[in-house]
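> Residue 84 in the numbering used here is what sits at position 80 of the sequence shown, and the numbering runs on without skipping anything. All C-beta atoms in this analysis are idealised placements derived from N, C-alpha and C, irrespective of residue type, glycine included. All of these numbers come straight from a predicted model, not from anything done at the bench. Here it is: the structure, laid out below.
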Amino acid sequence: MGQYPEKALAVLRSVSLRIERWQREKKHWDATDLPIMSSSMPASISEEICNTTSRMGNKPEADAIFVCTKTGQTTSLISRNRPDCPIFAFTPTNSSEGV
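The structure is reproduced here in structure tokens:
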């Protein structure tokens, strides 16, 4: 990272946040265009539930999204849409992947 690792990380973070904000404001990121990633349920059902959850998380009255998951896959599907509110995942074990 060179001589200034903290400065480099700060710049990367600010650029990332600015781009994500721009994408949301301009609606360049449409959840329906995301690639299929589901395997536990038919893709159309599980992904549509996660996409709808993300859209609900973008409403001003949403404070957070709470997810009960065994593997972390549901949380991953929701988070890839970058909802505006935080996502809290609850698992039955401490070793769930992707959470």
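If you draw a straight line from the C-alpha of Ile23 to the C-alpha of Leu16, how long is it?
Residue 23 sits at position 19 when you count from the first residue of the sequence shown. Residue 16 sits at position 12 when you count from the first residue of the sequence shown. Roughly 11 Å between the two C-alpha positions.
> Is Ile23 a contact residue of the ligand HEM, with contact defined as CB to any heavy atom under 6 Å?
The ligand HEM is absent from the structure shown, which contains no ligands of any kind.
> Helix, strand or coil: which one does DSSP assign to Cys89?
Residue numbering aside, residue 89 sits at position 85 when the sequence shown is read from its first letter. Three-state DSSP puts Cys89 in coil, outside helix and strand.
> Distance check for Cys54 and Phe70, CA to CA, integer angstroms please.
As a working mapping, residue 70 is identified with position 66 in the sequence shown. As a working mapping, residue 54 is identified with position 50 in the sequence shown. Distance between the alpha carbons of Phe70 and Cys54 is about 12 Å.
> Who are the Cβ neighbours of Pro90 in its own chain at under 8 Å, not counting the five residues just before and after it?
Walking along the sequence shown from the start, residue 90 turns up at place 86. Counting only Cβ-Cβ distances below 8 Å, and skipping sequence neighbours, we find Ala68, Ile69.
> Would you report the Cα separation of Ser58 and Pro9, rounded to the nearest angstrom?
On the sequence shown, position 54 is the one that residue 58 refers to. On the sequence shown, position 5 is the one that residue 9 refers to. Going by the C-alpha atoms only, they are around 33 Å apart.
> Pull up the DSSP beta-bridge partners for Val71, would you.
For the purposes of this step, residue 71 is taken as the residue at position 67 of the sequence shown. According to DSSP, Val71 bridges with Ala93.
> Is Ser98 helix, strand or coil when you go by DSSP?
In the sequence shown, the residue the question calls residue 98 occupies position 94. Note that residue 98 corresponds to Asn in the displayed sequence, not to Ser. Coil at Asn98, not helix or strand.
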